[in-house]
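When we follow this note's numbering, the leftmost residue of the sequence shown carries the number 4, and every step to the right adds one. In this text, a Cβ means the ideal position worked out from N, Cα and C, and glycines have one as well. Only one structure is covered here, and it is reproduced in the block below.
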Amino acid sequence: IIFCIQILTGVILASRFTPDITYAYYSITHIIRELWSGWCFRYMHATGASLVFFLTYLHILRGLNYSYLYLPLSWISGLVIFALFIVTAFIGYVLPWGQMSYWGATVITNLLSSIPLLVVWLCGGYTVSDPTIKRFFVLHFILPFVALCIVFIHIFFLHLHGSTNPLGYDTAFKIPFYPNL
4 IIFCIQILTG
14 VILASRFTPD
24 ITYAYYSITH
34 IIRELWSGWC
44 FRYMHATGAS
54 LVFFLTYLHI
64 LRGLNYSYLY
74 LPLSWISGLV
84 IFALFIVTAF
94 IGYVLPWGQM
104 SYWGATVITN
114 LLSSIPLLVV
124 WLCGGYTVSD
134 PTIKRFFVLH
144 FILPFVALCI
154 VFIHIFFLHL
164 HGSTNPLGYD
174 TAFKIPFYPN
184 L
């Protein structure tokens with residue numbers, strides 16, 4: 004539910020955001036100060052990201068506690084979702100284009116420079132500049148929908164192995180996933 008709220012508030016904010024290095028900070032200021040409940044949507048989106056990570060950490064700890072890492076399809080799809088959450092959160096941190104955002108993007112892209120041509124593809128050049136924020140905006144908009152699709156795949160893999168029995172007791176009573184949608 005929280006992730007869907009994140010997507011909804013993100014779509015609302017994206018309708019008024021300008022991905023340009025000259026106007027990005029001012030469009031955030033405009034959203035907060037001038038739009039009806041813009042401050043609420045922005046802070047719901049920013050705080051909701053922390054809540055999504057908190058719930059994700061609890062979900063990972065629950066999976067470790069019940070030894071779900073022995074279900075490789077569920078575990079790998081969960082790790083892919085977690086990696087997408089991390090990338091999406093970092094890209095969202097860069098979008099307001101303040102000093103911390105700029106230098107955060109610079110440091111991370113310098114760390115990624117060990118992979119050939121990745122920085123050129125990601126930044127649109129060798130430095131963090133205007134094409135960078137445009138590409139980050141597109142990625143920040145698309146990656147949550149990709150993560151949502153993988154969440155459905157994750158749930159399918161989880162219920163394929165019977166997640167209604169986390170302790171692994173052998174029962175003949177299995178609840179099928181398909182008719183109970």
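Exercise. Are the beta-carbon atoms of LEU87 and ALA150 separated by less than 9 Å?
Worked result: In the sequence shown, residue 87 corresponds to position 84, counting from 1. In the sequence shown, residue 150 corresponds to position 147, counting from 1. Cβ atoms of LEU87 and ALA150: closer than 9 Å.
Problem set entry | C-alpha distance - VAL14 paired with TYR69, whole-angstrom precision | Position 11 of the sequence shown, counting from 1, holds the residue named residue 14. Position 66 of the sequence shown, counting from 1, holds the residue named residue 69. Those two C-alpha atoms are separated by around 36 Å.
Exercise. Which two residues bound the contiguous alpha helix (DSSP H) that contains ILE111?
Worked result: Residue numbering aside, residue 111 sits at position 108 when the sequence shown is read from its first letter. Where ILE111 is concerned, the enclosing alpha helix (DSSP H) stretches over 102 to 114.
Exercise. Between the Cα of ILE63 and the Cα atoms of GLY41, THR32, GLY81, which residue gives the shortest distance?
Worked result: For the purposes of this step, residue 63 is identified with residue 60 of the sequence shown, where counting begins at 1. GLY81 is the residue among GLY41, THR32, GLY81 whose C-alpha sits nearest the C-alpha of ILE63.
Exercise. When DSSP labels each residue in this structure, what does TRP39 get in the three-state scheme?
Worked result: In the sequence shown, the residue the question calls residue 39 occupies position 36. In this structure, TRP39 counts as coil in the three-state DSSP scheme.
Problem set entry | Buried versus exposed, by CB contacts within 10 Å (16 or more), HIS157 | Residue 157 sits at position 154 when you count from the first residue of the sequence shown. Its Cβ being crowded by 16 or more others within 10 Å, HIS157 is buried.
Exercise. In three-state terms, what does DSSP make of GLY51?
Worked result: The residue you call residue 51 lines up with position 48 of the sequence shown. GLY51 falls in the helix class under three-state DSSP.
Problem set entry | Collapsed DSSP secondary structure at SER70 in the structure displayed | The residue you call residue 70 lines up with position 67 of the sequence shown. Coil.
For this session: Check ILE118 in the structure and name its three-state DSSP category.
Result: One-based indexing of the sequence shown puts residue 118 at position 115. Looking at ILE118 - three-state DSSP - the assignment turns out to be coil, as it is neither helix nor strand.
Problem set entry | Extent of the continuous alpha helix (DSSP H) run through ASP133 | Position 130 of the sequence shown, counted from the first residue, corresponds to residue 133. Looking at the DSSP string, the run of the alpha helix (DSSP H) that includes ASP133 is 133 to 163.
For this session: Within its chain, find whatever has a CB closer than 8 Å to the CB of SER104; leave out the 5 residues flanking it on each side and keep chain order.
Result: Translated into positions along the sequence shown, residue 104 becomes position 101. Taken in chain order, the residues that qualify are TYR96, VAL97, LEU98.
For this session: Sort GLY128, THR91, PHE20 by Cα distance to PHE6 and report the nearest one.
Result: Position 3 of the sequence shown, counted from the start, is the residue given in the question as residue 6. With distances taken between Cα atoms, PHE6 lies closest to THR91.
Exercise. CA-CA distance, ILE8 and GLY101?
Worked result: As a first step, residue 8 is located in the sequence shown; it is residue number 5 there, counting from the start. As a first step, residue 101 is located in the sequence shown; it is residue number 98 there, counting from the start. Between the alpha carbons of ILE8 and GLY101 lies a gap of roughly 25 Å.
Problem set entry | Boundaries of the alpha helix (DSSP H) in which THR12 is found, first to last residue | As a first step, residue 12 is located in the sequence shown; it is residue number 9 there, counting from the start. Counting along the chain, the alpha helix (DSSP H) containing THR12 begins and ends at 5 to 17.
Exercise. Given a threshold of 16 other Cβ atoms within 10 Å of its Cβ, counted over all protein chains shown, does CYS152 qualify as buried or as exposed?
Worked result: Here residue 152 corresponds to residue number 149 of the sequence shown, with the count starting at 1. Per the 10 Å Cβ criterion, exposed.
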